[in-house]
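Undergrad: For the protein sequence lines, the chains are B and G, in the order given. Throughout the first sequence, residue numbering follows my numbering, covering 11 to 292 in sequence. Throughout the second sequence, residue numbering follows my numbering, covering 68 to 368 in sequence. Where is the CB? At the ideal position from N, CA and C, for every residue including glycine. Okay, here's the structure, questions in a sec.
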Amino acid sequence: MSFASARSRDRGFRVLVVVGLILFVVWSAAPILWLIVSSLMQQQALIVQPPDFSLGNFTLENFTEVIVSAAALGRGILNSFIVALFSTAVALVIGAPAAYALARLAVPRANALAFLVLATQMLPGIAIAIPLFLVISRLGLIDNVLALGLVYLSFNLPIVIWILRGFFLAIPEGIEKAAAVDGAGVVGTFLHIVLPISIPPLGAAAVFAFVEAWNEFFFALILTRQDAQTVPLVIAQFAGQYQTLFGQMMAAAAISIAPVIALAIIFRNQIVRGFADGMMKG
Amino acid sequence: MSSTSFERRRRRAGLLFVAPAAIVLLAILAYPIVESFILSTQSVRLVAGGVTKEWNSFANYIRLAGDETFRRAVVNTMIFSFGEVALVVSIGLAVALLLNHPLGRWGFFRIMLVVPWAIAPVANAVLWKWILNSNYGILNGLLKSLGLIEYYQVWLARPWSAFGFLLLIDVWKSVPFIALLLLAGLQRVPQSLYKAAYMDGAGRWQAFRHVTLPTMRSALAIAVVLQTIWSLRVFEIIFVLTRGGPADATVLMNFLAYRVTFNFLDIGYGAAIANIIFALTFLLAITYVWLMQPRKRRISS
């Protein structure tokens, strides 16, 4: 095979890759772009065919309308923040020591326990939803933000433990031995030596847990009625009630996803490394 | 004897460290799993603010066997899961290969990957409800102006069309994560293997076929199992877009369990359906754990 033909074949392959990448961007971005564009357009401009994209039809009205008229959205966002922050923070506080113990502290059957923890993350919600619903209603805690937060804690704990355990396993043992020689106890070593070098994976775990809790719908549907409704529930109701006000519906959706999209973009590299790796390492 | 006391101290601390997490997981997950199994063997009635339960042997499970709707849901779930796994893993692999190519390393592409991942399933469903709207939706407008359809279609009114769109929407949402997973796998394929293959005169396709695919085998298997597990949980898009209709064409097992329990209040029967899903997931989870073990350990065991 001549050098020239190999080069032209190479160029052909590069063209193929570029076309593929363009297709990938269109496929990923088109629906999101349409969400943003239609949230910024006036209703009359949206319901003519084809939509009238002239500059004068773009407005922030949908956003102001939806914020002013829908108290539920504000409450939903507040509830989502409370539930997501609570379940993430507590998951980190009790998950980090557990992950450390499973990775380093000679807990009997640590590997089996770690896999059991991972398996709980795969549990289909419906398998525990019915008894949880019965217990929580008996306790009078339906529509209670903290009850929902506790349920989310049980999903976030496995995520946190699994991501952090992978990281702790990779810490060189010498660090802990040296600390022990210097007279540091296990707790002291963990708090003053291990945790400070674990900020990046802690961040990745936190982002993951927060996004999961923020987006969760099924348990919010079953365990809340009104006061404790989180943002996904509010959005689903909007789609039922305001279903002809397309611009406002999209504005509400855009507001609801903005915080997690921002987190995902800021922490994209940690997400890529922390989680994708964690799902494949034993 | 300082080393033994060192070990002993570490073991004691270990149990202390694990305890809070273990208690939370046992209370919120383990108890409901057991209770869910018990409920499935009972006939449960809601009466004036309370619940009465009565052992009815395995009547709920026996009822499943003759239930036409359940059979429909099982078939739907099988088609949905199979279609979703095939599409998500092949598109995910294509995306991972693209992003692993030197031209695909631009940070912007990673943003395009994490954004659909982070979007709430509900927001995704609501967005597609608008895209698919029969009077004003952009899909009808687009297809008509391209001359592909003559009249505006009510996409969610016909069984196969509704089913197909639910599948497409969920595939769109699921591809990024699997692509990330496979990308991590690709980056672990040793470059020396490619060099050796090219030196032996292998072409691109041969290198893919004989180097990439074999080393990616366990990553691909993990992707298949995980995506199967996740496909059994699909809920939001059905809830927002079709509620199982038209004519139960989009009722998957998970949605059926929800509907039977929380709409029809047939709690024992709902628990039986939920337990079938649990059993399926459990088997898949075991497969996943087995796949994650390093190859050597797997062969010796």
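Would you say G/Leu350 faces chain B, with C-beta separation under 8 angstroms as the test?
TA: G/Leu350 does not count as touching chain B.
Undergrad: Do the segment 242-260 of chain G and the segment 155-172 of chain G meet, that is, are 3 or more Cβ pairs less than 8 angstroms apart?
TA: Cβ pair count under 8 angstroms is three or more, so yes.
Undergrad: Among the residues of its own chain, which have a CB less than 7 angstroms from the CB of G/Gln109, if the five just before and after it don't count?
TA: Correct list, in chain order: Lys120, Glu121, Trp122, Asn123 and Gly335.
Undergrad: In angstroms with no decimal places, state the Cα-to-Cα distance between B/Phe218 and B/Gln52.
TA: Each residue's alpha carbon lies about 35 angstroms from the other.
Undergrad: With DSSP run on the structure shown, which of helix, strand or coil describes G/Asn127?
TA: G/Asn127: helix per DSSP, three-state reduction.
Undergrad: Using 10 angstroms around the beta-carbon of G/Arg326, count the other beta-carbons present and answer buried if the total reaches 16, otherwise exposed.
TA: So G/Arg326 counts as buried.
Undergrad: In the structure shown, what three-state DSSP assignment does B/Ser48 receive?
TA: Three-state result, B/Ser48: helix.
Undergrad: Counting C-beta neighbours from all protein chains within 10 Å, is the total for G/Asn202 16 or more, i.e. buried, or is it exposed?
TA: By the neighbour-count rule (16 or more Cβ atoms within 10 Å), G/Asn202 is not buried but exposed.
Undergrad: Tell whether a beta-carbon distance below 8 angstroms holds between G/Ala341 and B/Ile136.
TA: Yes, the Cβ-Cβ distance between G/Ala341 and B/Ile136 is below 8 angstroms.
Undergrad: For the beta strand (DSSP E) holding G/Glu121, just list the boundary residues, first then last.
TA: Element bounds for G/Glu121: Gly117 to Trp122.
Undergrad: Buried or exposed for B/Gln68, please, with buried defined as at least 16 other CB atoms from any protein chain shown within 10 angstroms of its CB.
TA: Note that residue 68 of chain B is Phe in the sequence shown, not Gln. Label assigned to B/Phe68: exposed.
Undergrad: Do B/Ser49 and the ligand SAM come close, with the Cβ less than 7 angstroms from some heavy atom?
TA: Ligands in the displayed structure: none, and consequently the ligand SAM is not present.
Undergrad: Tell me the rounded alpha-carbon separation between G/Gly117 and G/Gly337.
TA: Straight-line Cα distance between these residues: approximately 18 angstroms.
Undergrad: State the CB to CB distance for the pair B/Pro134 and G/Arg300, rounded to an integer number of angstroms; the pair is presumed to be in contact (CB under 8 angstroms).
TA: So it is a contact: roughly 5 angstroms between Cβ atoms.
Undergrad: Given a threshold of 16 other Cβ atoms within 10 Å of its Cβ, counted over all protein chains shown, does B/Arg19 qualify as buried or as exposed?
TA: When all chains shown are included, B/Arg19 counts as exposed.
Undergrad: Out of B/Leu144, B/Phe220, B/Gly84 and B/Gly176, state which residue places its alpha-carbon closest to the alpha-carbon of G/Ile370.
TA: As displayed, chain G neither begins before 68 nor continues past 368, which places residue 370 of chain G out of reach and without an answer.
Undergrad: According to the neighbour-count rule (16 or more other Cβ atoms, all chains shown, within 10 Å of its Cβ), is B/Asp192 buried or exposed?
TA: Burial call: exposed.
Undergrad: Please state if the CB of B/Val241 and the CB of B/Leu163 are separated by a distance shorter than 8 angstroms.
TA: No.
Undergrad: Between the Cα of G/Leu92 and those of B/Gln239, B/Ile171 and B/Ile209, spot the shortest distance and give me the residue it belongs to.
TA: The residue with the shortest Cα to Cα distance from G/Leu92 is B/Ile171.
Undergrad: Going by the CB atoms, is the gap between B/Val270 and G/Met179 shorter than 8 angstroms?
TA: Not in contact: G/Met179 and B/Val270 (Cβ atoms no closer than 8 angstroms).
Undergrad: Is G/Gln220 helix, strand or coil by DSSP?
TA: In the structure shown, G/Gln220 sits in coil (DSSP, three-state: anything other than H, G, I, E or B).
Undergrad: Per DSSP, G/Arg112 forms a beta bridge with which residues?
TA: DSSP, once it has assigned bridges, lists G/Thr119 as partnering G/Arg112.
Undergrad: When you compare the segment 143-163 of chain G with the segment 286-301 of chain G, are there three or more beta-carbon pairs, one atom per stretch, that lie closer than 8 angstroms?
TA: These segments touch.
Undergrad: Using a Cβ-Cβ distance cut-off of 8 angstroms, determine whether G/Pro87 contacts chain B.
TA: Judged by the 8 angstroms Cβ criterion, G/Pro87 is in contact with chain B.
Undergrad: Anyone know if the C-beta pair for G/Ala153 and G/Phe230 falls short of 8 angstroms?
TA: Against a cut-off of 8 angstroms, the Cβ pair of G/Phe230 and G/Ala153 comes out as no contact.
Undergrad: Taking only beta-carbon atoms, is B/Arg21 less than 8 angstroms away from chain G?
TA: No, no contact with chain G.
Undergrad: Counting only beta-carbon separations shorter than 8 angstroms, does G/Ser228 have a partner in chain B?
TA: By this cut-off, G/Ser228 is not an interface position.
Undergrad: Between B/Met260 and G/Trp195, is the Cβ-Cβ spacing less than 8 angstroms?
TA: No, they are not a contact pair.
Undergrad: Determine the direct distance from the alpha carbon of G/Leu358 to that of B/Ala299, and round the result to whole angstroms.
TA: Because residue 299 of chain B is not part of the residues shown, which for chain B are 11 to 292, the question remains open.
Undergrad: Pick out whichever of G/Gly171, G/Phe137 and G/Ser72 has its Cα sitting closest to the Cα of B/Val29.
TA: Looking at the Cα atoms, G/Gly171 is the closest of the given residues.
Undergrad: Using only the alpha-carbon positions, how far apart do B/Ile209 and B/Ala223 sit?
TA: For B/Ile209 and B/Ala223, the distance between alpha carbons rounds to 21 angstroms.
Undergrad: In three-state terms, what does DSSP make of B/Met11?
TA: Low local confidence applies: a pLDDT of 47 at B/Met11 is under 50, so the model's placement there is unreliable, with the coordinate-based value given in what follows. In the structure shown, B/Met11 sits in coil (DSSP, three-state: anything other than H, G, I, E or B).
Undergrad: Looking only at its chain, what residues have a beta carbon closer than 8 angstroms to the beta carbon of G/Leu323, apart from the 5 residues adjacent to it on each side?
TA: So the list reads Thr136, Phe137, Ala140, Gly311 and Ile340, once near-sequence residues are dropped.
Undergrad: In its own chain, which residues sit with a C-beta less than 8 angstroms from the C-beta of G/Ile236, not counting the 5 before and 5 after it?
TA: Excluding sequence neighbours, G/Ile236 sits near Asn191, Ala192, Trp195, Ile304 and Leu308.
Undergrad: Just checking: is the beta-carbon of G/Arg67 within a distance shorter than 8 angstroms of some beta-carbon in chain B?
TA: Since the displayed chain G opens at 68 and closes at 368, residue 67 of chain G lies outside it and no answer follows.
Undergrad: Just mark G/Trp239 as buried or exposed, buried being the case when its beta carbon has 16 or more other beta carbons within 10 Å.
TA: G/Trp239 should be labelled buried.
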